[in-house]
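In the numbering used here, the protein residues as written are 804 to 1039.
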């Protein structure tokens, strides 16, 4: 893992990885016929810290398919500066990964090789500070006069959308996605944030890691002195 110069390693970042089991079920989110943590040694989610050179490694079983998606790992990256990135990793030799999929998911499809221990690959992660977070307390970035939540861009979107928000003082911030019926989909932010302007990304996944159906969604931001929402249209 490196900074956006593709050279400076990022140490002590949290790498959170999860995936579906062989039946396409997420054992950490769902009640699965097989692979539940109480009856199976595989919990299929883990966290690790990047090392001095920005490296990380993990071993898992082969992720399973579920409707409409190739095999993949989910990643959530959190750096020591609280920059966040949520993304996925796919595999070149997957029968469901064609050239159109590769073209629409640049940088997210990796080759795999095989040795006596099984399949292995390298998924490089570059954290773009200017895109993920812009300006925090103690830096030269903008601190707004009042809290705000901007519309996601692009909107409509079919891969991911970026949402800018800001707070004028350090406080607890909650940003969640809901469908238009008011059903909670996932949390994007839920914790104490320094004053500043931030940019986060939503890739159309729910809390269970699955891609949500096409349609309109609401992003809702709540803090001590502010509540705001914006409508977005997700197209698969």
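We put the beta carbon where it would ideally sit given N, CA and C, even for glycine. None of the values given here were measured: they were computed from a predicted structure.
Proximity below 9 Å, CB of residue i to CB of residue j
| i | j | result |
| --- | --- | --- |
| residue 881 | residue 928 | no |
| residue 818 | residue 878 | yes |
| residue 851 | residue 886 | no |
| residue 1050 | residue 968 | The chain is shown from 804 up to 1039; residue 1050 falls before or after that span and cannot be answered. |
| residue 960 | residue 1031 | no |
| residue 1029 | residue 951 | yes |
| residue 821 | residue 1012 | yes |
| residue 1005 | residue 963 | yes |
| residue 954 | residue 970 | no |
| residue 1017 | residue 986 | no |
| residue 888 | residue 864 | no |
DSSP three-state assignment for residue i, whether helix, strand or coil
| i | result |
| --- | --- |
| residue 918 | strand |
| residue 814 | coil |
| residue 1032 | strand |
| residue 807 | coil |
| residue 1037 | strand |
| residue 819 | strand |
| residue 847 | coil |
Chain-order list of residues whose beta-carbon lies under 8 Å from that of residue i (same chain, five-residue window excluded)
| i | result |
| --- | --- |
| residue 972 | 998 |
| residue 940 | Residue placement at residue 940 is flagged as unreliable, the pLDDT there being 31, under the threshold of 50; a coordinate-derived value is accordingly withheld. |
| residue 988 | 979, 980, 981, 982, 1009, 1010, 1015, 1020 |
| residue 875 | 822, 866, 891, 892, 893, 894 |
Close-in-space but distant-in-sequence residues of the same chain around residue i (CB under 7 Å, 5 per side omitted)
| i | result |
| --- | --- |
| residue 1034 | 1019, 1021 |
| residue 911 | 890, 891, 892, 893 |
| residue 808 | none |
| residue 853 | 804, 813, 814, 815, 816, 818, 859 |
| residue 1025 | 977 |
| residue 811 | 805 |
6 Å CB neighbourhood of residue i in its chain, flanking five on each side removed
| i | result |
| --- | --- |
| residue 899 | 873 |
| residue 924 | 913, 915 |
| residue 975 | 995 |
| residue 907 | none |
Integer-rounded CB distance, given that residue j should sit under 8 Å from residue i
| i | j | result |
| --- | --- | --- |
| residue 871 | residue 861 | Between residue 861 and residue 871 the Cβ distance is about 26 Å, and since that is not below 8 Å, they are no contact. |
Exercise for the section: May I have a chain-ordered list of the beta strand (DSSP E) segments no shorter than 3 residues that lie completely inside the region 950-1029? Expected result: As far as the region 950-1029 is concerned, its whole beta strand (DSSP E) runs of at least 3 residues are 964-970, 974-982, 987-996, 999-1005, 1018-1026.
Handout entry: Those runs of the beta strand (DSSP E) which lie wholly inside the region 856-920 and span at least 3 residues
Key = Whole beta strand (DSSP E) segments, 3+ residues: 876-881, 887-894, 916-918.
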